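I have placed the structure first, in the form of structure tokens, so that the comments after it can refer back to it.
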Amino acid sequence: MKNSELKSLSVEELNARLAAEKESLQKLKFAHAVTPVENPMRIRHNRRVVARIQTELHSRELSK
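Note that our numbering has the sequence shown beginning at 1, numbered continuously upward.
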């Protein structure tokens, strides 16, 4: 997900997307702990997407 896509979403949509991405990241981490995941780079990608969403939410909060 690109930053330009995040800027076009509303705060409610960002919160929903954040919850979904966090859940996905948690599932990936658990799956990787049990047996190695096929593509471990997905964990890094999901972690960075979560960070991007949180950054966008924080910047909107500061701009109020």
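Cβ coordinates follow ideal geometry from the N, Cα and C atoms, glycine included.
Computed from a prediction, not measured in an experiment: that's the story for all the values here.
How many angstroms separate the CA atom of Ala31 from the CA atom of Glu61?
34 Å
Where Met1 falls: helix, strand or coil (DSSP):
coil
Please determine, among Ala51, Val34, Lys29, the residue with the shortest C-alpha to C-alpha distance to Met41.
Lys29
If we ignore side chains and look at the alpha-carbon of each, how far apart do His45 and Leu25 end up?
9 Å
At what residue ranges does the region 1 to 36 contain a whole run of the alpha helix (DSSP H), taking only runs of 4 or more?
3 to 7, 11 to 34
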